[in-house]
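Numbering of the sequence shown is given in our numbering, commencing with residue 1066 and proceeding in unit increments.
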Amino acid sequence: MKLLIEFSLKYPKLPKDYRRIFIHLFKTALSEANNGKYYDDYYSVGKKKEYTFSVYLQGPVYKEEMVELGDRRGKIYFSTADKKTAFIFFAALMEQRKKELPIAGGNVLQVIAVRQLKEERVRSNSILVKMASPLCVRSHDREKDYDFYYSCEHPDFEKESKRVVGYQLEEAGFSEEIARSVSIVPVNTKKVIVKFYESKIECSLGYFMLEGDCAALNYLLQAGICSRKSAGFGMGILQAEE
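See the structure below:
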């Protein structure tokens, strides 16, 4: 299920690591809805999150630490493979309408409207996807407590993205055979460096060909692809099917 959240800002600017602003919005919405009944289901330590989001900003100009915007209004696209999650976030965000949420830099964010969007369904085993938010492929070294990120320019990108998406699908309940059959192939892509809190993450934008089981591909379009999905990475938009 996919939602569109329209918002406005007091000032047309955001910090460069603006994704944390919208994570803060989601946390605030869940903590205030139903006396915080569902907050721990998504934001307690170690909880798996089956959703992704992307942010549309008008006329962004990226400065050293800030993003200057051409308009005070923007949009958040929220997508999940779980209907219960969609209903919880929809209701919680609806309650935030017109409320003022103080954010970084003395700015204020307000939710204007929330509505459900029509979704396209995957009907084949090969699809072209455009990334609406950066594709993040992470490898975590537990021994050293260190993360390494693979962009489309890295020689091991296809191997590592296959590994990460395979693990993601197995966690979602797909069989090992189906999960390990899915591949992600860059078509027209570029490397981007994304500021996320105090880190700079190497990610990818552009078009990718996804191949594999039809149901698995549909799940990835709904829940997001690869790593850090619930932090505003990995939302793909269906472009064409072969």
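All C-beta atoms in this analysis are idealised placements derived from N, C-alpha and C, irrespective of residue type, glycine included.
Pro1077 classed as buried or exposed, judged by whether at least 16 other C-beta atoms fall within 10 angstroms: Position 12 of the sequence shown, counting from 1, holds the residue named residue 1077. So Pro1077 ends up on the buried side.
Distance CB(Gln1181)-CB(Ala1094) smaller than 9 Å: As a working note, residue 1181 is residue 116 in the sequence shown. As a working note, residue 1094 is residue 29 in the sequence shown. The beta carbons of Gln1181 and Ala1094 sit no closer together than 9 Å.
Could you tell me which uninterrupted beta strand (DSSP E) segments, each at least 3 residues in length, are contained entirely in the region 1066-1133, listed from first to last along the chain? Runs of the beta strand (DSSP E) inside the region 1066-1133: 1067-1074, 1078-1080, 1116-1122, 1131-1133.
Taking the beta strand (DSSP E) that Leu1286 belongs to, which residues open and close that run? The residue given as residue 1286 occupies position 221 in the sequence shown. Leu1286 -> not in any beta strand (DSSP E); alpha helix (DSSP H) instead, spanning 1279-1288.
Among the candidates Phe1222, Leu1134, Tyr1107, whose CA atom is the shortest distance from the CA of His1089? Locating residue 1089 in the sequence shown gives position 24, counting from the first residue. For His1089, the nearest C-alpha among the options comes from Tyr1107.
Alpha carbon of Glu1223 to alpha carbon of Cys1291, nearest angstrom: On the sequence shown, position 158 is the one that residue 1223 refers to. On the sequence shown, position 226 is the one that residue 1291 refers to. Roughly 12 Å separates the two Cα atoms.
Tell me the rounded alpha-carbon separation between Asp1105 and Lys1075. For this step, residue 1105 is matched to residue 40 along the sequence shown. For this step, residue 1075 is matched to residue 10 along the sequence shown. One C-alpha to the other measures close to 30 Å.
Between which two residues does the beta strand (DSSP E) holding Lys1266 run? Start at 1 with the first residue of the sequence shown, and residue 1266 comes out as number 201. Sequence inspection shows Ile at residue 1266; the Lys mentioned does not correspond to that position. Taken as a continuous stretch (DSSP letters only), the beta strand (DSSP E) holding Ile1266 covers 1264-1276.
According to DSSP, is Glu1307 part of a helix, a strand, or is it coil? As a first step, residue 1307 is located in the sequence shown; it is residue number 242 there, counting from the start. Per-residue confidence for Glu1307 stands at a pLDDT of 44, beneath the threshold of 50, marking its modelled position as unreliable; no derived number is given.
Counting only runs that start and end within the region 1195-1274, where is the beta strand (DSSP E) found for 3 or more residues in a row? Every beta strand (DSSP E) stretch that sits fully inside the region 1195-1274 and reaches 3 residues is listed by chain position as 1203-1206, 1211-1214, 1248-1261.
Coil, strand or helix - Gly1297 by DSSP: Taking the sequence shown and counting its residues from 1, one reaches residue 1297 at position 232. Reduced to three states, the DSSP call for Gly1297 is coil.
With a CB to CB cut of under 6 Å and the five nearest residues on each side skipped, what residues in its chain are close to Arg1137? For the purposes of this step, residue 1137 is identified with residue 72 of the sequence shown, where counting begins at 1. For Arg1137, where only same-chain residues beyond five positions count, the Cβ hits under 6 Å are Ser1073, Leu1074, Pro1077.
DSSP state of Gly1170, grouped into three classes? Counting from 1 along the sequence shown, the entry for residue 1170 is found at position 105. For Gly1170, the three-state secondary structure derived from DSSP is helix.
Cβ contact (3+ pairs, closer than 8 Å) linking the region 1208-1220 and the region 1241-1258: Touching, yes, given that three or more Cβ pairs across the two stretches are closer than 8 Å.
By DSSP, does Lys1148 sit in helix, in strand, or in coil? As a first step, residue 1148 must be located in the sequence shown, where it is residue number 83. Three-state result, Lys1148: helix.
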